[in-house]
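Engineer: Numbering (numbering that gives the first Met the number 0), first residue to last: 0 to 188. Sharing a structure below in structure tokens format, with a few things to ask.
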Amino acid sequence: MNIRYNKGIIFFGLAALSTSLFFGCGNTGTKNEAKAEKVEGPAEAIADTATTTQELSFKDKEGKVLQLSALKGKVVFINFWATWCPPCIHELPSIDQLRQSLKDNKDIVFLMVDVDGDIEKSSAFMAENKYDLPLYIAAGEIPAEFLGQSIPTTVILDKAGKIVERLEGSRDYGAPEIKKALEDIASGS
């Protein structure tokens, strides 16, 4: 594991340990078959994964395709979620707060990916709840390294496009330590 990412990975691991239970929704069911999953223990760190992001792409509301590889050189915070998933909805205010606190940092990018692919519905949901989060749907298959069997799942990519953290289950992203960890990854500390 690269030493410069230790602070961020250690923080995310400690954040996971400090919370006793995380709940997620199953990613394989339909919106009427939301499945609660209990996830315990530290967040899964995948710092040494050699995942390439060149083929992964997303579409925004206007249909514009964003290749993940185009974000190389930036830290990317990707959250996979759905409007029918209570744990996903529970963490949205803290993600919105985190993004707002980092809005002036051009080295950190946020992508909210609706796993249902219904961008009209998720856009209406975001507007109704006054969230200012960049919304996308997958423009192809999402690799298992990014999205397993439950949502919400958050993936953090370093500037080289490699996964430095994958977190399954709902989290509180409003803590100042999370902001600092992302800034440290962005600065290479």
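Glycine is no exception: its CB is placed at the ideal position from the N, C-alpha and C atoms. Computed from a predicted structure; not experimentally measured.
Can you round the beta-carbon distance between Lys-73 and Lys-161 to whole angstroms, since I take them to be within the 8 Å contact cut?
Structural biologist: Start at 1 with the first residue of the sequence shown, and residue 73 comes out as number 74. Start at 1 with the first residue of the sequence shown, and residue 161 comes out as number 162. Between Lys-161 and Lys-73 the Cβ distance is about 13 Å, and since that is not below 8 Å, they are no contact.
Engineer: Please go through the same chain and pick out, in chain order, the residues whose beta-carbon is closer than 8 Å to the beta-carbon of Lys-102, but skip the five residues on each side of it.
Structural biologist: Against the sequence shown, residue 102 aligns to sequence position 103. Taken in chain order, the list of residues that qualify is empty.
Engineer: Which partner residues of Leu-110 appear in the DSSP bridge assignment?
Structural biologist: Against the sequence shown, residue 110 aligns to sequence position 111. Answer by DSSP bridge pairing, in chain order: Ile-77.
Engineer: Under 8 Å, do Ile-136 and Lys-63 count as touching if we go by C-beta distance?
Structural biologist: As a first step, residue 136 must be located in the sequence shown, where it is residue number 137. As a first step, residue 63 must be located in the sequence shown, where it is residue number 64. No, they are not a contact pair.
Engineer: Do Leu-146 and Phe-79 have their C-beta atoms within less than 8 Å of each other?
Structural biologist: Translated into positions along the sequence shown, residue 146 becomes position 147. Translated into positions along the sequence shown, residue 79 becomes position 80. In contact: Leu-146 and Phe-79 (Cβ atoms closer than 8 Å).
Engineer: Considering only residues of the same chain and omitting the five flanking positions on each side of Asp-106, which have a CB-CB separation below 7 Å?
Structural biologist: For the purposes of this step, residue 106 is identified with residue 107 of the sequence shown, where counting begins at 1. Around Asp-106: Lys-73, Val-74, Ala-185.
Engineer: For Thr-152 and Arg-165, which I take to be in contact (beta-carbon distance under 8 Å), what is that distance rounded to the nearest angstrom?
Structural biologist: In the sequence shown, counting from the first residue as 1, residue 152 sits at position 153. In the sequence shown, counting from the first residue as 1, residue 165 sits at position 166. With a Cβ gap of about 7 Å, Thr-152 and Arg-165 count as contacting.
Engineer: Mind reading off the beta-carbon distance from Lys-60 to Ile-118? Whole number of angstroms is fine, and I expect it under 8 Å.
Structural biologist: Locating residue 60 in the sequence shown gives position 61, where the first residue counts as 1. Locating residue 118 in the sequence shown gives position 119, where the first residue counts as 1. Right, their Cβ atoms sit about 5 Å apart.
Engineer: Measuring only the C-alpha atoms, how far is Lys-120 from Pro-133?
Structural biologist: Translated into positions along the sequence shown, residue 120 becomes position 121. Translated into positions along the sequence shown, residue 133 becomes position 134. For Lys-120 and Pro-133, the distance between alpha carbons rounds to 14 Å.
Engineer: List the whole-angstrom C-beta distance separating Gly-187 from Ser-56, where the pair is believed to meet the contact cut-off of C-beta under 8 Å.
Structural biologist: Here the question's residue 187 lines up with position 188 in the sequence shown. Here the question's residue 56 lines up with position 57 in the sequence shown. Between Ser-56 and Gly-187 the Cβ distance is about 26 Å, and since that is not below 8 Å, they are no contact.
Engineer: So Tyr-172 and Leu-97 are supposed to be a Cβ contact under 8 Å. How far apart are they, rounded?
Structural biologist: Along the sequence shown, read from residue 1 onward, the residue named residue 172 stands at position 173. Along the sequence shown, read from residue 1 onward, the residue named residue 97 stands at position 98. Between Leu-97 and Tyr-172 the Cβ distance is about 4 Å, and since that is below 8 Å, they are a contact.
Engineer: For Tyr-135, which beta-bridge partners are listed by DSSP?
Structural biologist: Locating residue 135 in the sequence shown gives position 136, where the first residue counts as 1. DSSP output for Tyr-135 lists Val-112 as bridge partner(s).
Engineer: For Ser-122 and Asp-131, what's the separation of their Cα atoms in angstroms?
Structural biologist: Taking the first residue of the sequence shown as 1, we reach residue 122 at position 123. Taking the first residue of the sequence shown as 1, we reach residue 131 at position 132. When rounded, the distance between both Cα atoms is 10 Å.
Engineer: Where does the unbroken alpha helix (DSSP H) through Phe-124 begin, and where does it stop?
Structural biologist: In the sequence shown, counting from the first residue as 1, residue 124 sits at position 125. Segment 118-127, the alpha helix (DSSP H) holding Phe-124.
Engineer: Give a yes or no on whether the C-beta atoms belonging to Val-163 and Ile-150 are separated by under 8 Å.
Structural biologist: Numbered from its first residue, the sequence shown carries residue 163 at position 164. Numbered from its first residue, the sequence shown carries residue 150 at position 151. No, these two residues do not count as a Cβ contact at 8 Å.
Engineer: If distances are taken between C-alpha atoms only, which option among Met-125, Glu-167, Lys-129 comes closest to Ala-143?
Structural biologist: Here the question's residue 143 lines up with position 144 in the sequence shown. Ala-143 has its Cα closest to that of Glu-167, out of Met-125, Glu-167, Lys-129.
Engineer: Mind checking whether Val-114 and Ala-81 have CB atoms under 8 Å apart?
Structural biologist: Here residue 114 is taken as the residue at index 115 of the sequence shown, counted from 1. Here residue 81 is taken as the residue at index 82 of the sequence shown, counted from 1. Cβ distance < 8 Å, so Val-114 and Ala-81 count as in contact.
Engineer: My output table needs one value for Leu-250: the three-state DSSP class, helix, strand or coil.
Structural biologist: This structure leaves residue 250 out entirely; the chain is present only between 0 and 188.
Engineer: State the CB to CB distance for the pair Ser-100 and Lys-178, rounded to an integer number of angstroms; the pair is presumed to be in contact (CB under 8 Å).
Structural biologist: One-based indexing of the sequence shown puts residue 100 at position 101. One-based indexing of the sequence shown puts residue 178 at position 179. Right, their Cβ atoms sit about 5 Å apart.
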